[in-house]
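Numbering (the working numbering), first residue to last: 760 to 881.
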């Protein structure tokens, strides 16, 4: 089951978040050998994407046994300025790096709401 995390962003402001993804036991999920993907949509049934979150798995540097469980999400102010105001949904998934066909090998690791507030000062 995916961990629930709710984002909030303001139009025209950057969004920079480091997410610590853990399993049911509270241990960091081993993301080595995986890539990630994630998008924001109006609702789960929507076919159109509002924005690609382009999540980045943070690599460890403490040897092969290092498990970071960290994912970075960064959106620039110009990216958020084009988002509509509202409450939307997103998810982030991991899949084996280099896999030609990831269907069936995808694991949803984060999901929740993505709330966009209006920009006041322009």
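Quick reminder that beta carbons are idealized off the backbone N, C-alpha and C, glycines included.
Through-space distance from residue 881 to residue 875, alpha-carbon basis:
Within the chain shown, numbered from 1, the residue matching residue 875 stands at position 116. Within the chain shown, numbered from 1, the residue matching residue 881 stands at position 122. Taking the straight line joining both Cα atoms gives about 16 Å.
At 3 residues or longer, what runs of the beta strand (DSSP E) sit wholly inside the segment 834-875?
845-855
Alpha carbon of residue 793 to alpha carbon of residue 854, nearest angstrom
For the purposes of this step, residue 793 is taken as the residue at position 34 of the chain shown. For the purposes of this step, residue 854 is taken as the residue at position 95 of the chain shown. The straight-line gap from Cα to Cα measures roughly 5 Å.
Under 8 Å, do residue 868 and residue 788 count as touching if we go by C-beta distance?
One-based indexing of the chain shown puts residue 868 at position 109. One-based indexing of the chain shown puts residue 788 at position 29. Yes; because the gap between Cβ atoms is below 8 Å, this pair is in contact.
Pair within 8 Å by beta-carbon distance, residue 846 and residue 805
Position 87 of the chain shown, counted from the first residue, corresponds to residue 846. Position 46 of the chain shown, counted from the first residue, corresponds to residue 805. Contact: no.
Under 8 Å, do residue 771 and residue 839 count as touching if we go by C-beta distance?
Reading the chain shown from its first residue, position 12 is the one you call residue 771. Reading the chain shown from its first residue, position 80 is the one you call residue 839. With a cutoff of 8 Å on beta-carbon distance, residue 771 and residue 839 are scored as near each other.
For residue 789, the three-state DSSP class (helix, strand or coil):
Numbered from 1 along the chain shown, position 30 holds the residue referred to as residue 789. Residue state, collapsed to three classes: coil.
Output yes or no for whether 8 Å exceeds the beta carbon distance between residue 796 and residue 852.
Along the chain shown, one-based indexing puts residue 796 at 37. Along the chain shown, one-based indexing puts residue 852 at 93. Going by C-beta atoms, residue 796 is nearer than 8 Å to residue 852.
Please determine, among 858, 776 and 843, the residue with the shortest C-alpha to C-alpha distance to residue 813.
Taking the first residue of the chain shown as position 1, residue 813 is located at position 54. Nearest of 858, 776 and 843 to residue 813, Cα basis: 776.
Can you give me the start and stop residues for the beta strand (DSSP E) that residue 778 sits inside?
If you number the chain shown from 1, residue 778 lands on position 19. Where residue 778 is concerned, the enclosing beta strand (DSSP E) stretches over 774-779.
So, using beta-carbon positions, are residue 773 and residue 842 closer together than 8 Å?
Along the chain shown, one-based indexing puts residue 773 at 14. Along the chain shown, one-based indexing puts residue 842 at 83. No, these two residues do not count as a Cβ contact at 8 Å.
Grab the span of the beta strand (DSSP E) containing residue 768 for me, first residue to last.
For the purposes of this step, residue 768 is taken as residue 9 along the chain shown, with counting starting at 1. It spans 766-769 - the beta strand (DSSP E) in which residue 768 sits, taken as one unbroken run.
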